[in-house]
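Q: Residue numbers (our numbering): 302 to 473. Yeah, the Cβ is synthetic: ideal placement off N, Cα and C, and Gly gets one too. In this text, all values refer to a predicted model and were calculated from it rather than measured experimentally. Quick one: the structure is below, questions incoming.
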């Protein structure tokens, strides 16, 4: 499994959370650059967001309260792929499926991109149809292995318990 591990830091200048991969009894810090040197993933807080079937991990670096950077961790001995540099216009990485398909936001909305440079290099998605009278704007949650985008919508009319609907959307 992947996630974050926390190590309180009295000095306050190093990261408070680390992107971590747990395998059995072993925890691995998912650095962007292997080795003992300091890079952004060693200085800033990081989070492991998703792991695919090949063991690659989508990670986020919190550079500031409003700025993030994303990378794809490959192994302890190989440098990660800097997604913020290789995926043009990337604002927010949302999900990575087992086929290497990255769901992300960019200035024009939502897009899918094959991180391996395969046949589906980049697909800009049309806006999701909305019912603004009944629901808040849809929120992208992920992408499944069939390439369908998972969307959640919150009802504007929920009272005590929020009504959430989840949709699988295959944009044409």
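Any idea what DSSP makes of residue 320, helix, strand or coil?
A: In the structure shown, residue 320 sits in a strand (DSSP, three-state: E or B).
Q: Taking the C-alpha atoms as reference points, what is the distance between residue 388 and residue 360?
A: Spanning the two alpha carbons is a distance of roughly 14 Å.
Q: Could you give the C-beta distance for residue 397 and residue 413, rounded to a whole number, given that I count them as a contact under 8 Å?
A: With 8 Å as the limit, residue 397 and residue 413 do not qualify as a contact, their Cβ atoms being about 11 Å apart.
Q: Once you ignore the five residues that flank residue 453 on each side, which residues in its own chain have a CB closer than 6 Å to its CB?
A: Here the set comprises 440, 442, 465, 467.
Q: I'd like the list of long-range same chain contacts for residue 424, defined as Cβ closer than 7 Å, with 5 residues on each side in sequence excluded.
A: Hits under 7 Å: 412, 413.
Q: Nearest CA to the CA of residue 400: which residue from 354, 340, 381?
A: Taking only the C-alpha atoms, the option nearest residue 400 is 354.
Q: If you count every other CB in all the chains shown that lies within 10 Å of the CB of residue 311, and 16 or more means buried, which is it?
A: Because residue 311 carries a pLDDT of 49, less than 50, the predicted location of this residue cannot be relied on, and no value is offered for it.
Q: In or out: residue 381 buried (at least 16 other Cβ within 10 Å) or exposed?
A: Classification of residue 381: buried, given that the 10 Å Cβ count is 16 or more.
Q: Among residues of its own chain, excluding the 5 on either side of residue 457, which ones have a beta-carbon nearer than 7 Å to its beta-carbon?
A: Once the five neighbours on either side are set aside, the close Cβ partners of residue 457 are 435, 436, 437.
Q: Which of the three DSSP states is assigned to residue 376 in this structure?
A: Three-state DSSP puts residue 376 in coil, outside helix and strand.
Q: Between which two residues does the alpha helix (DSSP H) containing residue 384 stretch?
A: Start and end: 384-387.
Q: The alpha helix (DSSP H) that contains residue 343, what's its start and end?
A: It spans 341-344 - the alpha helix (DSSP H) in which residue 343 sits, taken as one unbroken run.
Q: Hey, out of 384, 383, 406, 402, whose CA is closest to residue 393's CA?
A: Closest option to residue 393, Cα to Cα, is 406.
Q: Give the DSSP-derived three-state secondary structure of residue 443 in the structure shown.
A: Note: residue 443 maps to strand in three-state DSSP.
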